[in-house]
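Q: Pasting in a structure now, in structure tokens, and then I'll have a few things to ask.
Following this line, the structure appears as structure tokens:
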């Protein structure tokens, strides 16, 4: 009796972890695609940013 009730409830709640995983993978892949499409000049310019103001 209780097993059927808990199983029905857990099946309904299983969508949230799956939705979170799908969302995480989608955002991760989108970030990888955006980073891979950047030009080498843009990456080089951004890599020098932390060191530009340290001239003292």
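In my numbering, the protein residues as written are 981 to 1036. C-beta: ideal position from N, C-alpha, C; glycine also. Bear in mind the structure is a predicted one, so any value in this text is a computation, not a measurement.
Taking the C-alpha atoms as reference points, what is the distance between residue 985 and residue 1006?
A: 33 Å
Q: If you draw a straight line from the C-alpha of residue 1003 to the C-alpha of residue 982, how long is it?
A: Approximately 32 Å between the Cα atoms of the pair.
Q: Does residue 1019 come out as helix, strand or coil in the three-state DSSP assignment?
A: coil
Q: From residue 1025 to residue 1019, what distance separates their C-alpha atoms?
A: Here the alpha carbon of residue 1025 sits roughly 10 Å from the alpha carbon of residue 1019.
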